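Chains as they are written, first to last, in this note's numbering: chain A, 2 to 134; chain B, 3 to 361.
All residues carry an ideal CB built from backbone N, CA and C; glycine is no exception.
This structure is a prediction, so every number in the text was calculated from the model and none was measured.
See below for the structure under consideration.
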Ligand code: B12
Ligand SMILES: Nc1nc2c(ncn2[C@@H]2O[C@H](COP(=O)(O)OP(=O)(O)OP(=O)(O)O)[C@@H](O)[C@H]2O)c(=O)[nH]1
Ligand SMILES: [Mg+2]
């Protein structure tokens, strides 16, 4: 049976802006991926735990509140504590350009800001998966 | 590389990553899963498998979340398999059941897995029965399976669950569509959710009336065997498998008008607030007790296995037909029928012969 790309789409932190996350979830579904949508107000612990149980290939997080510099690296830290290194982690939302290098250094493989076409995200995922499909 | 994170020992120890990766191997029908599943076989059969089914949006996920909470309060280990449909066009899926259950995500006593149907009809995914066995061997006490929203005939859940909760809601229209459409037979417990809305009492009355008629008519529904057995033999009397099959109609005839005749419970809940959940969980557990005490649990599991074995065998035959030399035989036989050299049934016999010889 053909291998499906599984993606966890999550909104960490307290902000209620979920349009972008839903747009991404639908775009990935339409690209043939299986998207586990966990909804709003997720703690990094919930995100990592869900990503393990769901055995996803990708964790995709959306933040528009400005809390990305804290929450994104925290998720990477929790994954490292569980010795999980084969999951691709990406983020998006309202994220100032000057914050992006720091997030990448923390292990967020790609950051997608407003105006990025979803096709770009889909290509990025397909080309950067850390596990064989 | 995927398989390296999983093994029978890790699964048995409750390692969530190992369990998750094995379920992924099951989903993609990875042949190397079989050795692990075989090694786990001896440890299965303990868990109580509960199916939650009902129309789209009836509150199945919200109910599941609350049931998980109640079972956890009793200290039980709980796993959930939540099935959502794949898009027939792109093969993609949005698996949204988990949203309602995320408060349990970090509880080490809970394991939640979302599965896409991947083209399988019947309200479940092909992976569900093997995934259930994985979770069973991993030591979960209760395994809850949420089906996709059932339409008319998607009733695979009866082949897997020990106890089926059929969820209904007020306001589905004049008649209780999902319940009438032949899905009613599958419920062991009937749950009218969204009881905060108008019309819940009427739905309860309608379901009760239908169940009473069905039981009195001796309709061989899934539940009536159990209830008939309890009515005639007492709640804790063991009964033999024969009582279920040939003798069933005999027993049913005996109890028509029996004063103790029971129908399955019809309960009301408000999943959002948790109202009625304790009662629902009590009935789910009472059903398990009744199944065990009457011997029905074993019977039900035996007939489910018989069904699953039959289907697996049929799939093997179909894939055997796909092999090149068989395709040739099928081609030859088809041409012979077309040219009126033999008839269809002779061709079928010849094919059956060829298949049984090759095994
Ligand atoms: C709509 C909106 C709202 C709506 C949200 C409705 C909803 N359910 O989503 C409402 C009115 C509720 C709202 C409220 C607030 N908002 Co507002 N809101 C916006 C607004 C105008 C548009 C956001 C949006 O929906 N865009 C459309 C979607 C499709 O785009 P997107 O989310 O950016 O997603 C795209 C990309 O970013 C990317 N992407 C996003 N996530 C991800 C994830 C991954 C993995 C990937 C690959 C890509 C990706 O792909 C998407 C598609 O291209 C923005 C301003 C802006 N222009 O961004 C402010 C904005 C986000 N809001 C803001 C604020 C401050 C608030 C409030 C705090 C206001 C207040 N004082 O009450 C509240 C907070 C509400 C809350 N509970 O959190 C600020 C945030 C400031 C900051 N980051 O420092 C913004 C930036 C406005 C501003 N310039 O000040 N808001
Ligand atoms: N009023 C009311 N709403 C409820 C109740 N239970 C659930 N809901 C709401 O009904 C909607 C659907 O609930 P879900 O639990 O997602 O239903 P579901 O049956 O799992 O849905 P699918 O999986 O999509 O078929 C949500 O908006 C819930 O908040 C209830 O008891 N009363
Ligand atoms: Mg649901």
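Could you work out which residues of chain A lie near residue i, taking near to mean beta carbons separated by less than 9 Å?
i, result
"residue 113 (chain B)", "54"
Nearest-angstrom Cα distance between residue i and residue j?
i, j, result
"residue 299 (chain B)", "residue 50 (chain B)", "10 Å"
"residue 279 (chain B)", "residue 195 (chain B)", "10 Å"
"residue 122 (chain A)", "residue 34 (chain A)", "12 Å"
"residue 101 (chain A)", "residue 52 (chain B)", "47 Å"
"residue 112 (chain B)", "residue 104 (chain B)", "10 Å"
"residue 206 (chain B)", "residue 162 (chain B)", "26 Å"
"residue 188 (chain B)", "residue 209 (chain B)", "13 Å"
"residue 289 (chain B)", "residue 64 (chain B)", "21 Å"
"residue 23 (chain B)", "residue 268 (chain B)", "38 Å"
"residue 193 (chain B)", "residue 331 (chain B)", "53 Å"
"residue 16 (chain A)", "residue 28 (chain B)", "37 Å"
"residue 168 (chain B)", "residue 54 (chain B)", "6 Å"
"residue 62 (chain A)", "residue 130 (chain A)", "16 Å"
"residue 92 (chain B)", "residue 25 (chain B)", "22 Å"
"residue 146 (chain B)", "residue 122 (chain B)", "19 Å"
"residue 112 (chain A)", "residue 20 (chain A)", "17 Å"
"residue 43 (chain A)", "residue 18 (chain B)", "20 Å"
Following a CB-centred definition, is residue i positioned closer than 7 Å to any heavy atom of ligand 4?
i, result
"residue 50 (chain B)", "The ligand content of the structure shown is limited to ligand 1, ligand 2 and ligand 3, which means ligand 4 is not among them."
In chain A, which residues lie less than 7 Å from residue i when you measure between Cβ atoms?
i, result
"residue 19 (chain B)", "53"
"residue 116 (chain B)", "37 and 55"
Determine the burial state of residue i: buried for a count of at least 16 other Cβ atoms within 10 Å of its Cβ, exposed for fewer.
i, result
"residue 71 (chain A)", "exposed"
"residue 94 (chain B)", "buried"
"residue 20 (chain B)", "buried"
"residue 68 (chain B)", "buried"
"residue 45 (chain A)", "buried"
"residue 8 (chain A)", "buried"
"residue 336 (chain B)", "exposed"
"residue 359 (chain B)", "exposed"
"residue 81 (chain A)", "exposed"
"residue 26 (chain A)", "buried"
"residue 58 (chain B)", "exposed"
"residue 350 (chain B)", "exposed"
"residue 133 (chain B)", "buried"
"residue 11 (chain B)", "exposed"
"residue 292 (chain B)", "buried"
"residue 44 (chain B)", "exposed"
Mind checking whether residue i and residue j have CB atoms under 8 Å apart?
i, j, result
"residue 126 (chain A)", "residue 49 (chain A)", "no"
"residue 100 (chain B)", "residue 37 (chain A)", "yes"
"residue 143 (chain B)", "residue 78 (chain B)", "yes"
"residue 135 (chain B)", "residue 127 (chain B)", "no"
"residue 286 (chain B)", "residue 213 (chain B)", "no"
"residue 131 (chain B)", "residue 55 (chain A)", "no"
"residue 64 (chain A)", "residue 103 (chain A)", "no"
"residue 110 (chain A)", "residue 89 (chain A)", "yes"
"residue 172 (chain B)", "residue 201 (chain B)", "yes"
"residue 191 (chain B)", "residue 215 (chain B)", "no"
Starting from residue i, find everything on chain B with Cβ-Cβ shorter than 8 Å and list it in chain order.
i, result
"residue 79 (chain A)", "Neighbours of residue 79 (chain A) on chain B: none; closest Cβ ~11 Å, over 8 Å."
"residue 32 (chain A)", "92 and 94"
"residue 26 (chain A)", "96"
"residue 75 (chain A)", "Within chain B, no residue comes near residue 75 (chain A); the closest Cβ sits about 14 Å away, beyond 8 Å."
"residue 4 (chain A)", "30"
Sort the options by Cα distance to residue i and report the nearest one.
i, options, result
"residue 304 (chain B)", "B:47, B:22 and B:88", "B:47"
"residue 51 (chain A)", "B:328, B:324 and B:102", "B:102"
"residue 186 (chain B)", "B:197, B:198 and B:211", "B:211"
"residue 24 (chain A)", "A:128, A:124 and A:118", "A:118"
"residue 80 (chain B)", "B:341, B:92, B:119 and B:140", "B:140"
"residue 158 (chain B)", "B:96, B:25 and B:313", "B:313"
"residue 96 (chain B)", "A:15, A:22 and A:106", "A:22"
"residue 83 (chain B)", "B:70, B:91, B:90 and B:89", "B:70"
"residue 41 (chain A)", "A:105, A:28 and A:14", "A:14"
"residue 357 (chain B)", "B:316, B:276, B:170 and B:164", "B:316"
"residue 272 (chain B)", "B:295, B:114, B:61 and B:283", "B:61"
"residue 124 (chain A)", "A:32, A:4 and A:20", "A:32"
"residue 353 (chain B)", "B:123, B:275, B:334 and B:89", "B:334"
"residue 108 (chain A)", "A:120, A:132 and A:78", "A:78"
"residue 108 (chain B)", "B:74, B:197 and B:90", "B:74"
"residue 41 (chain B)", "B:17, B:13, B:18 and B:66", "B:13"
"residue 87 (chain A)", "A:132, A:6 and A:47", "A:132"
Report the neighbours of residue i on chain A: residues whose CB is nearer than 8 Å to its CB, in chain order.
i, result
"residue 25 (chain B)", "56"
"residue 22 (chain B)", "53, 54, 55 and 56"
Which bits of chain B does residue i rub up against, with CB to CB less than 7 Å?
i, result
"residue 40 (chain A)", "101 and 104"
"residue 46 (chain A)", "108"
"residue 50 (chain A)", "107 and 108"
Chain B partners of residue i, CB-CB under 9 Å?
i, result
"residue 29 (chain A)", "94 and 96"
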